[in-house]
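Counted the way this note's numbering counts, the sequence shown spans residues 12 to 322.
Cβ coordinates follow ideal geometry from the N, Cα and C atoms, glycine included.
One structure is given here, and the rest of the page talks about it.
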Amino acid sequence: TSAGVRAVAVGAGEMQTRSYPGTFDGNVRQAGYEFIEEMNLAANARRVGEEAQALLSAEQCPSGTMTLILGANQLALQIHESCGHPTELDRVYGTEASFAGTSFLTTEKLGNYRYGSDLVTIYADSRIPGGLGTFGYDDEGTPACRTDLVKDGMFVGYLMSRETAHDLGRASNGAMRASGWDRMPIIRMTNICLAPGDETIESLIAGTDDGVFMDGIKSWSIDDRRLNFQFGSEIGYRIRNGRRAEMIKNPTYTGITPEFWGQCDGIAGPDEWVLWGVPNCGKGEPLQIMRVGHGTSPARFRNVKVGVGRW
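In structure tokens form, the structure reads like this:
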């Protein structure tokens, strides 16, 4: 079940877009019509349209190094590209490389590599109610389970099949899925989630003297080992002296995966944690489209390069 609101504003030779509750399909869940009712789409439609219109006359995102706060929708993309894909063990072994590359998280790093700050715990859980990556058993018959990928900032786990897990002397954690009867199962993400912290979006902003807030997925680019990335968001706001200030358009940021996650110094709590559905994750040749999920709260990152592109 999916639903959302999307507004497009055009003027002065440019186009701006705003989405609610998230980009693309809004949000997607294994659920019934009650999920659509919970989104309050009509109540948010006018605001979404007004934001799209306001973006046309907003200032460009500033360029520089500053504090970055990411909303939950944008952070879901960050998790997908910089943690989900590089922890797929077939990428590490090079048996999956032609579609989206390999991985910098090679096996000698397992258990002793600093992936992020102490606040960062990222896990895969195929049992979360309603998640697009939720199921009872994978296509090798392994039961659904939870697996830590990053624990207190340390890289501790992969997404594995029975075969690849055996090579590491471990048990499969149920990540083998095929998109249909005519495809071979391959290692796929389940629900890859960032564990919530104890902040709120208000406290993250209040603790920021000079920075930007970004949310809404607009563009993404990452190298074939999942290290160097540049992402763009639909909307941004300057943060000055602990307060949200003016709107900015075409916000972008760039970083190197372990450095970026190492700069995380605040994560909002469970009340702001959102489970997002991604219905179009592509992998493999022949191509297989798989449905996966990402759960996250807003989070803050220090000393991030922003305003790195214009379009």
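Verify whether the separation of the beta carbon atoms of Phe166 and Leu116 is less than 8 Å. yes
What three-state label does DSSP hand Asn314 in the structure shown? strand
With DSSP run on the structure shown, which of helix, strand or coil describes Phe46? helix
Segment limits, beta strand (DSSP E) that includes Ser230: 221-233 is the span of the beta strand (DSSP E), which, as asked, contains Ser230.
For Gly247 and Phe224, believed in contact at Cβ under 8 Å, the rounded distance: Phe224 to Gly247, Cβ: 6 Å. Contact.
Would you grab the beta carbon distance between Arg237 and Ser128 for me? Rounded to a whole angstrom, and I think it's under 8 Å. The Cβ separation is near 18 Å, so there is no contact.
For the segment 202-218 against the segment 118-138, do three or more pairs of beta-carbon atoms, one drawn from each stretch, fall closer than 8 Å, so that the two count as touching? yes
Under the three-state DSSP convention, the category Arg86 falls into: Checking the sequence shown, residue 86 turns out to be Leu, not Arg. Three-state result, Leu86: helix.
May I ask which residues mark the beginning and end of the beta strand (DSSP E) holding Leu79? 75-81
Using DSSP's beta-bridge definition, name the partner residues of Gly113. This sequence places Thr at residue 113; Gly is not what is there. The bridge partners DSSP lists for Thr113 come to none.
Nearest candidate by alpha-carbon position, reference Pro97, set Gly168, Gln41, Thr78: Gly168
Cβ contact (3+ pairs, closer than 8 Å) linking the segment 303-316 and the segment 195-204: yes
Buried or exposed for Leu301, please, with buried defined as at least 16 other CB atoms from any protein chain shown within 10 angstroms of its CB. Inspection of the sequence shows that residue 301 is occupied by Met rather than by Leu. Result: buried.
Thinking C-beta only, is Gly318 closer than 8 Å to Pro73? yes
Pro290, enclosing beta strand (DSSP E) - first and last residue: 285-294
Is Ala111 near Lys229, with beta carbons less than 8 Å apart? Not a contact, by the Cβ cut-off of 8 Å.
Rank Glu45, Asp276, Thr28 by C-alpha distance to the C-alpha of Gly141 and give the top, closest one. Of the candidates Glu45, Asp276, Thr28, the one whose C-alpha sits nearest the C-alpha of Gly141 is Glu45.
With 8 Å set as the bound, which would you pick, yes or no: does the beta-carbon of Cys94 sit closer than that to a beta-carbon of chain C? This model lacks chain C altogether; it includes just one protein chain.
In angstroms with no decimal places, state the Cα-to-Cα distance between Pro297 and Arg194. 8 Å
Going by Cα to Cα distance, which pick from Arg199, Glu61, Asp234, Ser214 is closest to Asn184? The option with the nearest alpha carbon to Asn184 is Arg199.
CA-to-CA distance, Gly24 to Cys292, given in whole angstroms: For Cys292 and Gly24, the distance between alpha carbons rounds to 32 Å.
Hey, would you say Thr125 sits closer than 8 Å to Gly95, going by beta carbons? Note on identity: in this sequence residue 125 is Arg, with Thr being the wrong assignment. No, the Cβ-Cβ distance between Arg125 and Gly95 is not below 8 Å.
Leu143 and Gln41: beta carbons closer than 8 Å? yes
Close-in-space but distant-in-sequence residues of the same chain around Arg249 (CB under 7 Å, 5 per side omitted): Val223, Ala256, Glu257, Ile259
Does DSSP classify Ala135 as helix, strand or coil? In the structure shown, Ala135 falls within a strand segment according to DSSP collapsed to helix, strand and coil.
Taking buried to mean at least 16 other C-beta atoms within 10 Å of its own C-beta, is Ser232 buried or exposed? exposed
Using only alpha-carbon positions, find the residue among Asp221, Ala310, Asn239 that is nearest to Gly75. Comparing alpha-carbon positions, the option among Asp221, Ala310, Asn239 lying closest to Gly75 turns out to be Asp221.
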